[in-house]
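Per full-length UniProt numbering, the very first residue in the sequence shown carries number 1; after that it's consecutive.
Where a beta carbon is used, it is the ideal one built from N, C-alpha and C, also for glycine.
Note that this is a predicted model, so its numbers are computed, not measured.
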Amino acid sequence: MVMRSSAPLPRMSRRGRVTIGVLVGVFVLFTLLGWGVQAWTDWLWFDEVDYKEVFTGVLATRLLLFLAVGLGMAVVVGGNLWLAHRLRPRMRPQSPEQATLERYRMLLSPRLGTWIALVAAVVGLFAGLSAQSRWNQWLLFRNGGDFGVKDPEFGVDVGFYVFDLPFWRYLLGVAFTAVVLALIGALAVHYIFGGVRLQGVGDRMSNAARAHLSTLVAVFVLLKAIAYVLDRRAMLLEYNDGANVYGAGYADVNALLPAKEILAYISVVVAIAIIVFSNAWMRNLVWPGISLALLGVSAVAIGGIYPWAVQTFEVKPSARDKEAPYIQRSIDATRAAFGLTGAETTPYAASNLTPPATLATDTAVVPNARLLDPQLVSETYTQLQQVRGFYDFGPKLDIDRYAVSGKTQDYVVGVREINYSELTAQQSNWINRHTVYTHGYGVVAAPANQVVCGGQPFFVSGFLGEKSQEACSSQTEQIPSSQPRIYYGERMEDGDYAIVGKADPDANPAEFDRPVGEGGDNGPESYYTYTGSGGVEIGSFTRRLLYAIKEQESNFLLSEAVNENSKLLYVRNPRERVEKVAPFLTVDGDPYPAVVGGRVQWIIDGYTTAATYPYAERVNLQQETTDELTGRGTFQLARENVNYIRNSVKATVDAYDGTVTLYEFDESDPVLKAWNKAFGGDLVKPKSEIPADLTAHFRYPADLFKVQRNLLTRFHVTNPGDFYSGQDFWQVPNVPDAPDSGQKQPPYYLFTQFPGQESPRFQLTAAVTPNGRQNLAALISGSYVDGQPRLEVLELPDQTRISGPVQVHQQMTNNAQIRQQLNLLSSNQAQVQYGNLLSLPFGNGMLYVEPVYVKSNQQDAYPLLQKVLLSYGDGGSYVVLADNLTDGIKQLVEQGKRAGATPTPPPPPGETPPPSPSPGATPPPLTGELAEAANRVQTAITEVRAAQASGDFERYGRALKALDEAITAFQQAQGTAAPTAAPGGTPTPSGSASPRPGG
Numbered sequence: 001m002v003m004r005s006s007a008p009l010p011r012m013s014r015r016g017r018v019t020i021g022v023l024v025g026v027f028v029l030f031t032l033l034g035w036g037v038q039a040w041t042d043w044l045w046f047d048e049v050d051y052k053e054v055f056t057g058v059l060a061t062r063l064l065l066f067l068a069v070g071l072g073m074a075v076v077v078g079g080n081l082w083l084a085h086r087l088r089p090r091m092r093p094q095s096p097e098q099a100t101l102e103r104y105r106m107l108l109s110p111r112l113g114t115w116i117a118l119v120a121a122v123v124g125l126f127a128g129l130s131a132q133s134r135w136n137q138w139l140l141f142r143n144g145g146d147f148g149v150k151d152p153e154f155g156v157d158v159g160f161y162v163f164d165l166p167f168w169r170y171l172l173g174v175a176f177t178a179v180v181l182a183l184i185g186a187l188a189v190h191y192i193f194g195g196v197r198l199q200g201v202g203d204r205m206s207n208a209a210r211a212h213l214s215t216l217v218a219v220f221v222l223l224k225a226i227a228y229v230l231d232r233r234a235m236l237l238e239y240n241d242g243a244n245v246y247g248a249g250y251a252d253v254n255a256l257l258p259a260k261e262i263l264a265y266i267s268v269v270v271a272i273a274i275i276v277f278s279n280a281w282m283r284n285l286v287w288p289g290i291s292l293a294l295l296g297v298s299a300v301a302i303g304g305i306y307p308w309a310v311q312t313f314e315v316k317p318s319a320r321d322k323e324a325p326y327i328q329r330s331i332d333a334t335r336a337a338f339g340l341t342g343a344e345t346t347p348y349a350a351s352n353l354t355p356p357a358t359l360a361t362d363t364a365v366v367p368n369a370r371l372l373d374p375q376l377v378s379e380t381y382t383q384l385q386q387v388r389g390f391y392d393f394g395p396k397l398d399i400d401r402y403a404v405s406g407k408t409q410d411y412v413v414g415v416r417e418i419n420y421s422e423l424t425a426q427q428s429n430w431i432n433r434h435t436v437y438t439h440g441y442g443v444v445a446a447p448a449n450q451v452v453c454g455g456q457p458f459f460v461s462g463f464l465g466e467k468s469q470e471a472c473s474s475q476t477e478q479i480p481s482s483q484p485r486i487y488y489g490e491r492m493e494d495g496d497y498a499i500v501g502k503a504d505p506d507a508n509p510a511e512f513d514r515p516v517g518e519g520g521d522n523g524p525e526s527y528y529t530y531t532g533s534g535g536v537e538i539g540s541f542t543r544r545l546l547y548a549i550k551e552q553e554s555n556f557l558l559s560e561a562v563n564e565n566s567k568l569l570y571v572r573n574p575r576e577r578v579e580k581v582a583p584f585l586t587v588d589g590d591p592y593p594a595v596v597g598g599r600v601q602w603i604i605d606g607y608t609t610a611a612t613y614p615y616a617e618r619v620n621l622q623q624e625t626t627d628e629l630t631g632r633g634t635f636q637l638a639r640e641n642v643n644y645i646r647n648s649v650k651a652t653v654d655a656y657d658g659t660v661t662l663y664e665f666d667e668s669d670p671v672l673k674a675w676n677k678a679f680g681g682d683l684v685k686p687k688s689e690i691p692a693d694l695t696a697h698f699r700y701p702a703d704l705f706k707v708q709r710n711l712l713t714r715f716h717v718t719n720p721g722d723f724y725s726g727q728d729f730w731q732v733p734n735v736p737d738a739p740d741s742g743q744k745q746p747p748y749y750l751f752t753q754f755p756g757q758e759s760p761r762f763q764l765t766a767a768v769t770p771n772g773r774q775n776l777a778a779l780i781s782g783s784y785v786d787g788q789p790r791l792e793v794l795e796l797p798d799q800t801r802i803s804g805p806v807q808v809h810q811q812m813t814n815n816a817q818i819r820q821q822l823n824l825l826s827s828n829q830a831q832v833q834y835g836n837l838l839s840l841p842f843g844n845g846m847l848y849v850e851p852v853y854v855k856s857n858q859q860d861a862y863p864l865l866q867k868v869l870l871s872y873g874d875g876g877s878y879v880v881l882a883d884n885l886t887d888g889i890k891q892l893v894e895q896g897k898r899a900g901a902t903p904t905p906p907p908p909p910g911e912t913p914p915p916s917p918s919p920g921a922t923p924p925p926l927t928g929e930l931a932e933a934a935n936r937v938q939t940a941i942t943e944v945r946a947a948q949a950s951g952d953f954e955r956y957g958r959a960l961k962a963l964d965e966a967i968t969a970f971q972q973a974q975g976t977a978a979p980t981a982a983p984g985g986t987p988t989p990s991g992s993a994s995p996r997p998g999g
């Protein structure tokens, strides 16, 4: 007899049920209202920018995946729960266990269908929510094609790994989850309803329950067999610890791959054995349990112990040779996946350590040396070109090139934007913030190699109508802009929306434009009414109510500033607009403005990426692109692991009307083709439609270059044996003037000509040093030639004496005479700031240029370029600190001339000077005071070398000072006047060049 519990189940009062129902209803209402408002406003925004296919495509895909996976999961779990109840035994033996379970059966049985539906719905809801986030994987799976490249192990096209494998593995994970949840749920139902028992006489499991549960276990094992098959492909993506590269290595290919194939077959056999032994033959769980144990032992022995033994006893003793073919695979795949295959390496001897005379007559490199640092002079732009306190140029300006007065060169360019955080309390009320101060005004540009008036930029494109600073720069608009107003810019943040348009066309404009009145007062011409096509129309009551809910702002309904002609401008940051329009792109962190066709256009580089390119190195984009400028003018990229990247899209955002245009830049990229196909085929305009005047402003993207530069520090080595040893690896140096900060030196844009190039180019450049050393190893540059990207490496010999950036900066600033001058520039009232340290190959040697700024500690002070540090050769022998680049070059050339001449005493009055000794002739021996002075010079030179080798720069400065004094004494002993050294220069007798640490 089955015992029943007589205690009544507690019931909730009617008022309690109503209260809970109301709360749940309100929660659902507000949740749906929030989703509805967001979806509606997104639709209106996408309609404004004319990219509705992105909104509908992503939304439809999300709904499809939500419904398909959610319903599938709900059906599998709910169906197995229903089946477990259907297979319950009609008669149950009496036991205390069953008596305890009877209460739960009484609770569940009357509404069992409801309970099963509720559990299935909850499981399906969470599965669907997880699935809808995989919309990008599904679209690539659905629209992906071939790469035309096969993996080196299985001969399968790379497209399978990029487009298909991620989604297959996701589906397999969903299947595993569904089976496990169904198994757990079915086991629970069988237990509650007596199909599985822990007490009592007879079998512990009914035949029906055993068949049901064993089938689920068999399905799980079959899924494991499929997993082993996919794992064989996925091994080409995993890290190889033995060779420190990605991709299957020797032990993986020769031991683990066969092991996984064997385990896949064993899994199929075990699945069949579970079903046969459990139901058709022995009808117990002994043999199925043995089969599962056999699978577990096989997985450990075949899939674990055997590969470990091969790695330990066969690979490790001769890893260099065993792993060589697989290292080569990784090298080839990485260079292909990251666009390094076409990188051209050119040897550069850099054997000349003496400044050549041609420095003074050069027209390609020296005149184009950039002196303005876009990070430092942003404060200068703000102070000189701000005009009003709420205008801002941001913490970093941009570099672009323009042809002005028939001459093409690089310019430091800034956009005068509205900075809403700088509005005063009175200006920050809702009317002013959103309807009056709506836009910035104008592009400001200055040649990157020119300064005037004590270190100020020479503005060739400034504020229209502004007459200040006339003595310092030309205010003529030489970079014309027919529409200089900036409604969309980098300083715009979430919530910085603008409402434009006026109720009466004859009424006065309300938007502040620019100060054009007498004495800076705001005259009638200082106001403007927006006439662009951008913005969402919000003239109707419905639209105003919609955005009042979205922005949680009642003024949309109450304010007279919002009328039937009003438009709402939002998502005003150019980078955010591109990310919203093309959510499949990774957007570069440094958008830049350009005047194209008279309009200000923001140019943004877009990347297509993948994380499943076989054998390619995997990198973290956030980590690889972070340097000194990240967060100080450049945006930080998301933490995304990738092993394939292409700069496949060039996007533009019109600064006036916000028009977003996507142009195809890499016509061979299969990933972009898949995305374009997924959104109708015309989402991205073909490369042939890019305007020529826009192409002229394209520049090699900074974040892509950083990734490629960092990879080239290892993958410039293409011999697998040398790669394994790592002896020829490079490293990116730290910031030269702050090496202890741990921040990497950012690459810099230059308009210059490197050896092997036919003419000057606008290129992004970076220096690298040998791993663990400070001398220069190579210069890496990225540029466009005939519209195609070109990556070039100028590689120096392994034993070069040329110093790297950190070393050069220390050598220049620790020169005794230069240090004295720098100390004079720096005081309690001012501080010295260093600009970009430029590494410029010239005359089979290396020219270093570093601008020196001085910033007063007074309020509203800005940096002024006061001096220029220059060095040639190994970084320490020829150094000057000059007032400007021209004087510095002259001083370097003079130092080179003096170093190449042997000092001789002047002839007595009336006598003809003796002829100069022929090259190679032996000079006469020195005697007396002259010999003593010469010995003093040699001793000083020895001390300089020792100080450099020790790395003690304070000692090095003292040694240089002693050398200078010894040279002066030697010259006086010769009976001649000491030659005048250039500022910061130190004459070196007989052209002697001393070694430097790490050289």
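Spatial distance of residue i from residue j (CA atoms)
i: S540; j: A507; result: 21 Å
i: R416; j: W602; result: 13 Å
i: F459; j: T886; result: 20 Å
i: S468; j: C453; result: Confidence at S468 is low in this model, with a pLDDT of 39, below 50, so its placement is unreliable and no value can be given for it.
i: T976; j: T968; result: Confidence in T976 is poor, its pLDDT being 44 and thus under 50, which makes the residue's placement too unreliable to answer from.
i: T236; j: A610; result: Reading off the sequence shown, one finds Leu at residue 236, where the question assumed Thr. Looking at the two C-alpha atoms, the distance is approximately 14 Å.
i: V366; j: Q311; result: 56 Å
i: D666; j: S871; result: 40 Å
i: E466; j: Y411; result: Only weak support exists for where E466 lies, its pLDDT of 42 falling under 50; the value from the coordinates is given anyway. Their backbone Cα atoms lie some 20 Å apart in a straight line.
i: P851; j: R544; result: 54 Å
i: G70; j: F762; result: 53 Å
i: R105; j: R86; result: 14 Å
i: A981; j: L840; result: Note that A981 scores 35 on pLDDT, short of 50, meaning its location in the model is unreliable; the coordinates nonetheless yield the value given after this. Roughly 24 Å between the two C-alpha positions.
i: V937; j: S877; result: 15 Å
i: Y250; j: S130; result: 37 Å
i: P923; j: E894; result: With a pLDDT of only 43 at P923, under 50, the local geometry of the prediction cannot be trusted, and the value read off the model is given with reservation. Straight-line Cα distance between these residues: approximately 24 Å.
i: V562; j: E525; result: 23 Å
Minimum C-alpha distance to residue i - residue among the options
i: A777; options: Q731, V300, S783, E792; result: Q731
i: N647; options: R514, Y748, P739, R790; result: R790
i: N734; options: R714, P770, T752; result: P770
i: G680; options: L112, G57, R801; result: G57
i: D164; options: L140, L183, Q328; result: L140
Check: residue i C-beta below 8 Å from any heavy atom of the ligand ATP
i: A343; result: Of the ligands one can find in the structure shown there are none, so the ligand ATP has no counterpart to examine.
Rounded distance between the beta-carbons of residue j and residue i, thought under 8 Å
i: N844; j: N352; result: 4 Å
i: A264; j: Y228; result: 4 Å
i: D146; j: G159; result: 4 Å
i: Y326; j: A259; result: At roughly 17 Å, the Cβ-Cβ gap does not stay under 8 Å, so Y326 and A259 are not in contact.
Contact check, residue i vs residue j, beta carbons under 9 Å
i: F193; j: A117; result: no
i: D693; j: G597; result: yes
i: A186; j: H212; result: yes
i: S330; j: Y246; result: yes
i: R699; j: D400; result: yes
Any chain D beta carbon closer than 9 Å to residue i
i: V245; result: As a matter of chain content, chain D is missing from the structure shown, which is built from one protein chain.
Strand pairing of residue i, partner residues [DSSP]
i: L865; result: Y853
i: S781; result: T765, E792
i: T661; result: T652
i: R577; result: In the DSSP output, where bridge partners are listed per residue, R577 has none listed.
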